[in-house]
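To start, the structure itself, in C-alpha cells.
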Amino acid sequence: MQQLLDSVKSLSARERKALAVLLKRQGVNLYGVTPIAVRETQAPSALSYAQQRQWIIWQLEPHSAAYNIPLALRLHGALDVEALRRSVEHLIERHETLRTTFEQQGDDALQVVHPASPFALHVDQLAAGETVERYVDQEVQQPFDLQHGPLLRVRLLKLSEQEHVLVLTQHHIVSDGWSMPIMVDELMQCYQAATLGREAELPPLPIQYADYALWQRNWLEMGEQERQLAYWKQQLGEQQPILELPTDRPRPALRSYDGARLNVELDATLLNDLKTLARQQGITLFMLLLASLQTLLHRYSGQADIRVGVPVANRTRSETQGLIGFFVNTQVLKADFDTQTTVAGLLQQIKHTAVQAQAHQDLPFEQLVEALQPQRDLSRSPLFQVAYNHQSEGHNEARELAGLRLEYQLSDKHTAQFDLTLDTCERPNGLAASLTYATDLFDAATIERMAGHWCNLLSGMCRDVNQRIAELPLLSVDEWQDTLRDWNRDLAVYPSEYCAHQRIETQAERSPLAIALSFGAEQLSYQQLNSRANQLAHKLREQGVGPDVRVGLAAERSLQMIVGMLAILKAGGAYVPLDPDYPQDRLSFLMHDSGIELLLTQAHLLGHLPIPAHVQTLDLAGALDGYST
C-alpha cells in the first residue's frame, strides 16, 4: 500500500482520476487512502457542496446578512495598530479563502482565488450618541457581495488610546464556527510576533480549501456518496415529517431570520448529575442533552418522530485541521417515541443513532436534501426545524498577550437560522446553554417557559432512568398549582355549531402529526385518526347510514372503537354504544329498543352478541383493512 501511495504522488490530476476509476471496480476508493493533493493550477475551481448551497442561497437573497459570521474583540491596553494591520495582512496571505470570490460560468459555479495584496485597516470612532453595541450590530448586518468580495471585513473602533474594539465579519461560504478560533489564535500569534519585529512561526498549511473542495467531489464520486446516502435513506425513510411546535403567531410565508437569544445556566450540581447519568448509561453528555431536547420537542408537539439538526466539524482529514473554510456539515438525528418509551430506552436509542451518524458524517447535507426531496417550503428549513450544538469547552474566555487583554464583545442581535436552536457548553462551574429562537414565531416569555420545562426534564431524567418519557415532570410545582387550581375551571364555552368529528378535522389540519390517541403501545396521529374515520364513514354510507339511522357500536376498548364512533358521526348517523361485557339479555333489549339497523363491531365478538335477524353487521377491522395502527 505504501508503494501505491508513493507512486500516486507523482501522478497528475487526470492520471489520478483514471486510477481511481480502476480501483473503484475493486472496491477501493483511492481518494480515501491517499493524501489530499494540492491542485496543479490557480485557475478557478469547483466549489465544495456546502459552498454550492451557500452560492445558491446568496443568489436568491443577495442582500441578506443571515449567513454572516461575526466576531468582536474588545482590546484593553496600548494597541499597535500597524502591527495589527500587518497581522491581518499575513492572515489573508496565508489562507486563500480570505481572498476568494465566486462566479457563475454557464452551469458551473467557480471559486476564484486572488493574489495577496496590501491590506488597509479601517479605524473608526463612534458618532455622537452611538453606542459600541449599535456600531458592532450595524457592521455585522452589512451584506457581502460574493462576486466581488472581499468576504472578510475588518474594522477597528477606537474608543480611547487604551481601548479598542476589533470587528471581524466573514461570510459563511468561506468560514465556519471551527474557523473562528483558528483565526483569532493565528491573528494573535502574528500580532505578538509583529510587535517584536519578526514574522510569526506558524506551521505551513499542507493544502488550501480549494484543494479540499476538489478532493471532496472526487472522493464522494468514487463510491463514498453512494455508501453514505444508502444509510441516510434507510435511517430517515421516505416521509419527512415537519415539526409542529405551538407558536405565538402564525408562521410567515417567508423567513425573516430575525432572532433573539435566551441564556440558561445549569449549576454544577445538575451538571454533575447529568455526567453521572451519562457515565452509568455508557453515553456522552452530548447524547444525553440531545435526548433531553428531543424529549422536550416530543412533549411540546405530541409527535412521535422527532428530528433535530446537529452540526459536525467534518474535519476528519488531518490536512483540514488548521484551515479557515466552510467544512461544517449538518446531520439529521431522529428519535422515535411511543407511550412506553423509558428514559433508559431513549438514551440507548440515541447512542446507537449518534454512533451510526458519526460513521456516516461526510455526506453533504445538500446532497441529502436533494436525495430525500422534502416538500419545499420557504417558511421552514428542510428536513429539520430545530438544531442542537454542543461544545465540550468554550472559546470565549478573556486572553492576554503583548500588553493587551482581549475580551469577546457579545452582541444583542441574533440571527435565527431555524425555529429554535439549543447551544450548550461545559464550564467549570456548570453548563452554559442558550436558546436562539425565531421572533417571527415565539415570544420571549414562551421561550423562558420552555427553558424551565427543559430544566425540569433534565432533573427528572437524572432521578429515574426507568421512568416513562410520558411521565417525566415538565411543569414546575407552581405551574402545576396554576393548572390544577387557577386554570382548571369546571365550565368551558365551546362553539355549539361544531360537532366532535368536525373539531377533530380542524385539529388534523392544524397539527396533523400530533398524537391524538394512545392505547398500550399503539397510537394514532390526528391525521391518521381522521383518515381512518373518513374511510369507515364511506363504508357506512354504502350500507345506507345517514341522518336518523341508528348504528350500534359494540367494541372492546381500542383505537378502533374511537374510529368507529367518529365514522358514524361523519356518515350522519347516530351511534348507540353497546358494551360487549353487558349480559346477553341487556344487550338484546338495547338493540331492539334503540332500533339499530346496523351493528359496527369486531369479528371475535360476533359469536357472543345477540344480534337481531334484521340487523346488518360490519367488521371494524375489515372496514379499516390497509390501515395499520
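First residue of the sequence shown: 8, per this note's numbering; consecutive thereafter.
Every residue, glycine too, gets a C-beta built ideally from N, C-alpha and C.
Mark residue i as exposed unless 16 or more other C-beta atoms lie within 10 angstroms of its C-beta, in which case mark it buried.
| i | result |
| --- | --- |
| G332 | buried |
| S635 | Here the model assigns S635 a pLDDT of 43, short of 50, so the residue's position is not dependable and the matter cannot be decided. |
| K358 | buried |
| I290 | buried |
| G309 | buried |
| N436 | exposed |
| K646 | Only positions 8 to 636 of the chain appear in the structure, and residue 646 is not among them; the question remains open. |
| E146 | buried |
| P519 | buried |
| S94 | buried |
| S399 | exposed |
| E96 | buried |
| A50 | exposed |
Counting only the same chain and skipping the five closest in sequence on each side, list residues whose C-beta sits under 8 Å from that of residue i.
| i | result |
| --- | --- |
| Q1 | Past the boundaries of the shown model lies residue 1; the chain is included only from 8 to 636, so the question cannot be answered. |
| V622 | G559, M598, I603, E604, L605, L606 |
| K420 | D144, V147, Q148 |
Starting from the C-beta of residue i, find all residues in its chain whose C-beta is less than 7 Å away, skip the five residues before and the five after it, and write them out in chain order.
| i | result |
| --- | --- |
| I454 | L269, L442, Y444 |
| Y216 | E103, T104, L330, G332 |
| L448 | T254, D255, R256, R258, D426 |
| N537 | I511, E512, A515 |
Express the C-alpha separation of residue j and residue i in angstroms, rounding to a whole number.
| i | j | result |
| --- | --- | --- |
| W185 | R324 | 14 Å |
| L80 | Q148 | 17 Å |
| L482 | E433 | 25 Å |
| E549 | D489 | 49 Å |
| P150 | L576 | 57 Å |
| L353 | W65 | 39 Å |
| L128 | L163 | 7 Å |
| Q474 | L304 | 18 Å |
| L227 | Q59 | 15 Å |
| C469 | D280 | 6 Å |
| Q132 | L375 | 47 Å |
| H178 | A72 | 9 Å |
| L117 | Y307 | 44 Å |
| D343 | D312 | 5 Å |
| Q247 | A366 | 22 Å |
| A578 | A361 | 47 Å |
| S525 | K341 | 21 Å |
| E22 | I43 | 15 Å |
| H397 | L627 | 49 Å |
| D450 | L284 | 33 Å |
Sorted by chain position, which residues of the same chain lie with C-beta nearer than 6 Å to residue i's C-beta, five sequence neighbours on each side aside?
| i | result |
| --- | --- |
| R106 | I99, H121 |
| S55 | A220, Q223 |
| G5 | Residue 5 lies beyond the residue range present for the chain, which begins at 8 and ends at 636; the question has no answer from this structure. |
| A85 | G410 |
Please state whether DSSP places residue i in a helix, a strand or coil.
| i | result |
| --- | --- |
| S167 | strand |
| E433 | strand |
| D192 | helix |
| H178 | strand |
| S55 | coil |
| A50 | coil |
| Y589 | coil |
| R2 | In the structure displayed, the chain extends from 8 to 636; residue 2 sits before or after that span and is not available. |
| H97 | helix |
| H599 | helix |
| Y533 | helix |
| V335 | coil |
| I476 | helix |
| E512 | helix |
| E68 | coil |
| I313 | strand |
| A630 | helix |
At what residues does the alpha helix (DSSP H) containing residue i begin and finish?
| i | result |
| --- | --- |
| G352 | 350–365 |
| F372 | 372–379 |
| V139 | 139–147 |
| T302 | 292–308 |
| E272 | Unbroken run through E272 is the beta strand (DSSP E), 265–274; no alpha helix (DSSP H). |
| L606 | Segment 605–608 is the beta strand (DSSP E) holding L606; no alpha helix (DSSP H) there. |
| V570 | 566–578 |
| L221 | 216–226 |
| L236 | 232–243 |
Could you spell out the range, first to last residue, of the beta strand (DSSP E) harbouring residue i?
| i | result |
| --- | --- |
| A116 | 115–120 |
| Y505 | Where Y505 is concerned, there is no enclosing beta strand (DSSP E), given that its DSSP letter is neither H nor E. |
| E407 | 406–408 |
I want to see whether chain B comes within less than 8 Å of residue i, judged by CB atoms only; does it?
| i | result |
| --- | --- |
| F293 | Looking at the structure shown, chain B is missing, and only one protein chain is on hand. |
Is any heavy atom in the ligand PLP found nearer than 7 Å to the beta carbon of residue i?
| i | result |
| --- | --- |
| A320 | This structure simply doesn't include the ligand PLP, nor any ligand for that matter. |
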